[in-house]
Amino acid sequence: MRVIGIDPGYAIVGYGVLEYEKGKFYPVEYGAVTTDAHTDFQMRIKEIFLEVDRIIKRTRPEALAIEKLFYTTNQKTVMQVAQARGVILLAASLNDLPVYEYTPLQVKQSVTGYGKAVKKQVQEMTKNILRLDSIPKPDDTADALAMAICHGYSYKSKLFTQIGTTK
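Start counting the sequence shown at 53; every next residue gets the next number (this note's numbering).
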């Protein structure tokens, strides 16, 4: 199974594409889509959509795993992340890619075995699971890889919420 994990944002969208076979993960491609802070927001989400669409077409995942959006204290930020997340979901939908949501707690539990693990623990375990030399940067990329790992471990169980598929 090939899965793309996405850590949504509007300044940085982390992504990680993994192949999961016989209980092992193999990195296919990972990185970040970045947008310039001085660019009009509408153009930023257009850039995110176009780049995520290209990544999906290039890497051909079978599923997209994305962080479940939750409200924090900054309402403006959560609205902009929600809009960026929307264009990511649109790219998935246009590519007939089923989408699965995971909470940060589910990702931490899946990757480290402990739902209250700190970010550094999740990053270190992600590096170890993928047999990488170093923790991927930026943090959003490591988070996206952890999301993909979570899906690999969880997709046959009831730990996920599928939010859409056109298949």
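For each residue, glycine too, the CB sits at the ideal point set by N, CA and C.
Per DSSP, what kind of secondary structure is L182 in: helix, strand or coil? coil
Label H90 either buried or exposed according to how many other C-beta atoms from any shown protein chain fall within 10 Å of its C-beta, with 16 as the threshold for buried. exposed
Given a threshold of 16 other Cβ atoms within 10 Å of its Cβ, counted over all protein chains shown, does F93 qualify as buried or as exposed? exposed
Using the rule of at least 16 other Cβ atoms within 10 Å of the residue's Cβ for burial, across every protein chain shown, is Q127 buried or exposed? exposed
Every unbroken alpha helix (DSSP H) inside the stretch 138 to 203 [4 residues or more]: 156 to 164, 171 to 181
Rounded to whole angstroms, what's the CA-CA distance from L157 to L197? Just pull it up for me. 15 Å
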